[in-house]
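Protein chains: 2
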Amino acid sequence: MGTLSLPPQATQVGLAVDVAAFAMHAGELRVLLVQRGELPHARDWALPGGFVQVGEALHEAALRELRTETTVELEPRHLEQFYTFGELGRDPRGRIVSVAHLAVLPHGTVHVTGGGHTLGAAWFPAHRPPALAFDHAQILDRAIKRLQVRLEYANLALEFLPDTFTLPELQGVHEAILDRPLDKRNFRKRLLAQGVLVPSGERRSGVGRPAQLYRRTKGTRTAAL
Amino acid sequence: MGTLSLPPQATQVGLAVDVAAFAMHAGELRVLLVQRGELPHARDWALPGGFVQVGEALHEAALRELRTETTVELEPRHLEQFYTFGELGRDPRGRIVSVAHLAVLPHGTVHVTGGGHTLGAAWFPAHRPPALAFDHAQILDRAIKRLQVRLEYANLALEFLPDTFTLPELQGVHEAILDRPLDKRNFRKRLLAQGVLVPSGERRSGVGRPAQLYRRTKGTRTAAL
DNA sequence: AGGGAGAGTGTCCCCATGACACAAACTCTA
DNA sequence: TAGAGTTTGTGTCATGGGGACACTCTCCCT
Numbered sequence: 070m071g072t073l074s075l076p077p078q079a080t081q082v083g084l085a086v087d088v089a090a091f092a093m094h095a096g097e098l099r100v101l102l103v104q105r106g107e108l109p110h111a112r113d114w115a116l117p118g119g120f121v122q123v124g125e126a127l128h129e130a131a132l133r134e135l136r137t138e139t140t141v142e143l144e145p146r147h148l149e150q151f152y153t154f155g156e157l158g159r160d161p162r163g164r165i166v167s168v169a170h171l172a173v174l175p176h177g178t179v180h181v182t183g184g185g186h187t188l189g190a191a192w193f194p195a196h197r198p199p200a201l202a203f204d205h206a207q208i209l210d211r212a213i214k215r216l217q218v219r220l221e222y223a224n225l226a227l228e229f230l231p232d233t234f235t236l237p238e239l240q241g242v243h244e245a246i247l248d249r250p251l252d253k254r255n256f257r258k259r260l261l262a263q264g265v266l267v268p269s270g271e272r273r274s275g276v277g278r279p280a281q282l283y284r285r286t287k288g289t290r291t292a293a294l
Numbered sequence: 070m071g072t073l074s075l076p077p078q079a080t081q082v083g084l085a086v087d088v089a090a091f092a093m094h095a096g097e098l099r100v101l102l103v104q105r106g107e108l109p110h111a112r113d114w115a116l117p118g119g120f121v122q123v124g125e126a127l128h129e130a131a132l133r134e135l136r137t138e139t140t141v142e143l144e145p146r147h148l149e150q151f152y153t154f155g156e157l158g159r160d161p162r163g164r165i166v167s168v169a170h171l172a173v174l175p176h177g178t179v180h181v182t183g184g185g186h187t188l189g190a191a192w193f194p195a196h197r198p199p200a201l202a203f204d205h206a207q208i209l210d211r212a213i214k215r216l217q218v219r220l221e222y223a224n225l226a227l228e229f230l231p232d233t234f235t236l237p238e239l240q241g242v243h244e245a246i247l248d249r250p251l252d253k254r255n256f257r258k259r260l261l262a263q264g265v266l267v268p269s270g271e272r273r274s275g276v277g278r279p280a281q282l283y284r285r286t287k288g289t290r291t292a293a294l
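Protein chains in written order, with the numbering used here: chain W, 70 to 294; chain F, 70 to 294.
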């Protein structure tokens with residue numbers, strides 16, 4: 070039914086998406102940023118993002134921007150819209166409304182190269198980011214809060230890890246996201262009580278005592294909401 | 070700095086707001102709906118909403134639609150954006166993305182008259198709405214869930230009541246929103262423990278034993294988030 | 001004066017969470 | 001190969017919040 074048309078006031082506002090994409094690296098929560106190659110805010114760091122195209126769903130636009138601006142290696146394990154920023158004056162080019170997304174990239178996706186119109190892309194400490202273009206500092210802030218909520222609600226921490234992992238690794242993800250240390254015994258008690266983890270039987274050897282490997286029980290994948 | 074201009078692909082998508090406005094009436098949670106006067110979905114019931122205008126913040130657009138389409142008596146006590154709906158095909162007129170808002174109207178705002186392009190406006194049981202236009206049934210669903218979450222997080226129930234109210238009235242609001250009965254003693258215990266209520270000293274007489282009147286302690290207004 | 005209607009009140013149990021210290025298993029090096 | 005170093009793994013107690021549960025109190029109405 071494309072016979073009806075949009076009223077004239079329907080096309081006056083620019084619609085964009087921005088993506089706060091997170092991954093773990095060196096025991097730290099990192100966020101993926103791009104260095105802008107164009108005005109405004111040329112050479113400033115910003116969240117990857119851009120305008121939504123016709124015939125493109127919001128999450129598709131988010132994925133496309135992530136791919137063309139950063140050349141990430143793997144698919145995001147989680148992608149979720151979390152807030153729409155529409156303040157007047159947030160973009161000097163005019164009225165632009167941005168639907169902000171939160172993405173989680175799995176372990177191993179830490180190498181990025183700039184692409185698209187950007188000068189480059191890199192990972193930064195999510196809790197101590199550099200100065201950001203536009204209102205992206207606010208967006209990042211809100212993204213981290215959402216990530217923290219999702220930690221205890223869904224078990225989004227698992228998306229940061231490979232299929233099989235140890236409990237200390239999982240605890241490390243939680244600590245990196247919450248930006249505070251957790252008690253080992255309480256953490257294990259709580260996580261194992263949830264019943265989403267099952268020991269794989271194997272162990273991982275390293276420097277100290279080998280750690281039990283776990284995997285998620287089937288049918289416990291986070292609904293991408 | 071309006072010297073920079075939008076890239077061409079920035080204006081291809083229509084941006085709208087929709088508002089799920091709730092109030093209490095006869096002990097029931099009700100949602101404000103309008104009967105559409107135009108195609109598509111003419112004569113169907115829908116959430117009040119429409120296109121965002123240039124120079125208009127998202128929440129301003131939501132307020133404007135509420136006022137022009139429904140002529141509500143009072144200002145909303147709470148207005149919050151909760152999700153942005155952008156599925157392809159959600160509107161037969163083309164690509165329209167809608168930022169959905171949740172509004173709470175205070176006690177006494179139950180009389181509405183249709184305005185704007187609509188045939189009328191009326192309150193409906195929020196948990197048993199009529200068939201709705203577009204994807205508004207989904208939007209309403211999500212709005213109710215958000216309202217329920219805000220009940221225990223912020224104390225949004227107070228926004229449905231006048232400045233002074235009784236505990237049974239407050240419990241009624243909670244029950245209407247959650248759509249299930251609550252235990253009287255546990256409810257009082259929990260609410261009073263939060264420390265946001267203070268007895269006003271007066272009582273309200275009615276059919277049975279008079280009820281203590283309460284008001285919120287100062288400085289406990291919900292941040293409109 | 002008695003009945004009806006709604007308001008008000010306290011205890012117990014259970015579960016989830018947080019604080020807290022030591023033993024076990026492996027690697028590495030001397 | 002023995003000992004030091006390093007990391008994993010484990011249990012108890014105290015506390016607090018939430019849910020189940022029944023009877024009295026106060027007023028109005030007839």
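Virtual Cβ for every residue (Gly too), placed ideally from N, Cα, C.
Which ranges would you report for the alpha helix (DSSP H) in the stretch 232-294 of chain W if only whole runs of at least 4 residues count?
For the stretch 232-294 of chain W, whole alpha helix (DSSP H) runs of length 4 or above, ordered along the chain, are 236-247 and 253-263.
How would you label Arg-272(W), buried or exposed, when you count the other beta carbons within 10 angstroms and need 16 or more for buried?
Here residue 272(W) is taken as the residue at index 203 of the first sequence, counted from 1. When all chains shown are included, Arg-272(W) counts as exposed.
Looking only at its chain, what residues have a beta carbon closer than 8 Å to the beta carbon of Leu-225(W), apart from the 5 residues adjacent to it on each side?
The residue labelled residue 225(W) in the question sits at position 156 within the first sequence. Answer for Leu-225(W): His-147, Val-173, Leu-216, Arg-219 and Thr-291, listed in chain order.
Looking at the secondary structure, which residues open and close the beta strand (DSSP E) in which Thr-153(W) lies?
What you label residue 153(W) is simply residue 84 of the first sequence in a count that begins at 1. Start and end: 147-154.
Measuring alpha carbon to alpha carbon, tell me which residue in Thr-137(F), Ala-115(F), Pro-194(F) and Gln-150(F) is nearest Asp-160(F).
Reading the second sequence from its first residue, position 91 is the one you call residue 160(F). Residue Ala-115(F) is the option with its Cα nearest to Asp-160(F).
Whole angstroms is fine: what's the gap from Val-141(W)'s alpha carbon to Arg-99(W)'s?
Locating residue 141(W) in the first sequence gives position 72, where the first residue counts as 1. Locating residue 99(W) in the first sequence gives position 30, where the first residue counts as 1. Computed Cα separation, rounded: 14 Å.
Could you name the residues of chain W that Ala-126(F) contacts, counting a contact when the two beta carbons are closer than 8 Å?
The sequence position of residue 126(F) within the second sequence is 57, counting from 1. Neighbours of Ala-126(F) on chain W, chain order: Gly-155, Glu-156 and Leu-157.
Is the stretch 185-205 of chain F touching the stretch 127-145 of chain F, taking contact as three or more C-beta pairs under 8 Å?
Short answer: they touch.
So, helix, strand or coil for Gln-104(W), using DSSP?
As a working note, residue 104(W) is residue 35 in the first sequence. Looking at Gln-104(W) - three-state DSSP - the assignment turns out to be strand.
Whose CA, out of Leu-236(W), Val-121(W), His-128(W) and Leu-135(W), lies closest to the CA of Val-267(W)?
As a first step, residue 267(W) is located in the first sequence; it is residue number 198 there, counting from the start. If we check each option's Cα against that of Val-267(W), Leu-236(W) comes out closest.
Evaluate Leu-102(F) with the Cβ neighbour count: other Cβ atoms within 10 Å of its Cβ, from every protein chain shown; 16 or more gives buried, anything less gives exposed.
For the purposes of this step, residue 102(F) is taken as residue 33 along the second sequence, with counting starting at 1. Under this definition Leu-102(F) is a buried residue.
Report the residue ranges of all alpha helix (DSSP H) runs contained in full by the stretch 152-221 of chain F; include only those spanning at least 4 residues, in chain order.
The stretch 152-221 of chain F contains these whole alpha helix (DSSP H) runs: 205-221.
Interface residues of chain W around Gln-150(F) at Cβ under 8 Å?
Residue mapping note: residue 150(F) aligns to position 81 of the second sequence, counting from 1. Going along chain W in sequence order, the residues near Gln-150(F) (Cβ under 8 Å) are Tyr-152 and Thr-153.
Could you tell me whether any Cβ in chain F is nearer than 8 Å to the Cβ of Arg-211(W)?
Here residue 211(W) is taken as the residue at index 142 of the first sequence, counted from 1. So, not an interface residue.
With distances taken between CB atoms, is the gap from Pro-109(F) to Arg-164(F) smaller than 8 Å?
As a working mapping, residue 109(F) is identified with position 40 in the second sequence. As a working mapping, residue 164(F) is identified with position 95 in the second sequence. It is not a contact, given that the beta carbons lie outside the stated cut-off.
Which class does Ala-223(F) belong to by DSSP, given the choice of helix, strand or coil?
For the purposes of this step, residue 223(F) is taken as residue 154 along the second sequence, with counting starting at 1. Looking at Ala-223(F) - three-state DSSP - the assignment turns out to be coil, as it is neither helix nor strand.
Return the CA-CA distance between Pro-194(W) and Phe-91(W), expressed in angstroms with no decimal places.
Here residue 194(W) refers to the residue found at position 125 of the first sequence. Here residue 91(W) refers to the residue found at position 22 of the first sequence. One C-alpha to the other measures close to 10 Å.
Taking all protein chains shown into account, decide if His-180(F) is buried (16 or more other Cβ within 10 angstroms of its Cβ) or exposed.
Within the second sequence, numbered from 1, the residue matching residue 180(F) stands at position 111. By the 10 Å Cβ count, His-180(F) comes out exposed.
Any beta carbon from chain F within less than 8 Å of Gln-207(W)'s own beta carbon?
Here residue 207(W) corresponds to residue number 138 of the first sequence, with the count starting at 1. So no, Gln-207(W) is outside the interface.
Establish whether the CB of Val-166(F) and some CB of chain W are separated by less than 8 Å.
Working through the second sequence from its first residue, we reach residue 166(F) at position 97. Output row for Val-166(F): interface = yes.
Please tell me whether Val-265(F) has its Cβ less than 8 Å away from any Cβ of chain W.
Counted from its first residue, the second sequence places residue 265(F) at position 196. Not closer than 8 Å to any Cβ of chain W, the Cβ of Val-265(F) fails to qualify, so no.
Hey, is Leu-236(F)'s beta-carbon within less than 8 Å of any beta-carbon in chain W?
Within the second sequence, numbered from 1, the residue matching residue 236(F) stands at position 167. Closer than 8 Å: no.
Where does the unbroken alpha helix (DSSP H) through Leu-116(W) begin, and where does it stop?
Here residue 116(W) corresponds to residue number 47 of the first sequence, with the count starting at 1. Run containing Leu-116(W): none; DSSP gives neither H nor E here.
What is the rounded straight-line gap between the Cα of His-196(W) and the Cα of Glu-149(F)?
As a first step, residue 196(W) is located in the first sequence; it is residue number 127 there, counting from the start. As a first step, residue 149(F) is located in the second sequence; it is residue number 80 there, counting from the start. Each residue's alpha carbon lies about 27 Å from the other.
Determine the burial state of Leu-274(F): buried for a count of at least 16 other Cβ atoms within 10 Å of its Cβ, exposed for fewer.
Working through the second sequence from its first residue, we reach residue 274(F) at position 205. The amino acid occupying residue 274(F) in the given sequence is Ser; Leu does not appear at that position. Exposed is the call here.
Might you give, ordered along the chain, the residues of its own chain that have their beta carbon closer than 8 Å to the beta carbon of Leu-251(F), omitting 5 neighbours on each side?
Here residue 251(F) corresponds to residue number 182 of the second sequence, with the count starting at 1. So the list reads Gln-240, His-243 and Glu-244, once near-sequence residues are dropped.
Would you mind stating whether Phe-151(W) and Leu-127(W) have Cβ atoms separated by less than 8 Å?
On the first sequence, position 82 is the one that residue 151(W) refers to. On the first sequence, position 58 is the one that residue 127(W) refers to. No. Outside cutoff.
Since I believe Ala-169(F) is in contact with Phe-154(F) (beta carbons under 8 Å), could you give me their beta-carbon distance rounded to a whole number of angstroms?
The sequence position of residue 154(F) within the second sequence is 85, counting from 1. The sequence position of residue 169(F) within the second sequence is 100, counting from 1. With 8 Å as the limit, Phe-154(F) and Ala-169(F) qualify as a contact, their Cβ atoms being about 6 Å apart.
Pick out whichever of Val-265(F), Glu-134(F) and Ala-89(F) has its Cα sitting closest to the Cα of His-205(F).
Start at 1 with the first residue of the second sequence, and residue 205(F) comes out as number 136. His-205(F) has its Cα closest to that of Ala-89(F), out of Val-265(F), Glu-134(F) and Ala-89(F).
If you count every other CB in all the chains shown that lies within 10 Å of the CB of Glu-221(W), and 16 or more means buried, which is it?
Looking up residue 221(W) in the first sequence gives position 152. The residue is exposed, with fewer than 16 neighbouring Cβ atoms inside 10 Å.
Please name the residue in Gly-119(W), Gly-183(W), Glu-238(W) and Arg-133(W) whose C-alpha comes closest to that of Ala-95(W).
For the purposes of this step, residue 95(W) is identified with residue 26 of the first sequence, where counting begins at 1. The candidate whose alpha carbon is nearest that of Ala-95(W) is Glu-238(W).
Could you tell me the distance, in whole angstroms, from the CA atom of Gly-270(F) to the CA atom of Tyr-283(F)?
Along the second sequence, one-based indexing puts residue 270(F) at 201. Along the second sequence, one-based indexing puts residue 283(F) at 214. The alpha-carbon atoms of Gly-270(F) and Tyr-283(F) are separated by roughly 8 Å.
Would the C-beta of Gly-158(F) count as close to the ligand NAD, meaning under 7 Å from any of its heavy atoms?
The ligand NAD is not among the ligands present in this structure, which contains no ligands whatsoever.
Nearest chain W C-beta to Gln-281(F) closer than 8 Å, yes or no?
Numbered from 1 along the second sequence, position 212 holds the residue referred to as residue 281(F). So, not an interface residue.
Might you give, ordered along the chain, the residues of its own chain that have their beta carbon closer than 6 Å to the beta carbon of Gly-83(W), omitting 5 neighbours on each side?
Residue 83(W) sits at position 14 when you count from the first residue of the first sequence. Cβ neighbours of Gly-83(W) beyond the five flanking positions: Ile-165.
Compute the Euclidean distance between the alpha carbons of Thr-315(W) and Glu-144(F), then round it to the nearest angstrom.
Only positions 70 to 294 of chain W appear in the structure, and residue 315(W) is not among them; the question remains open.
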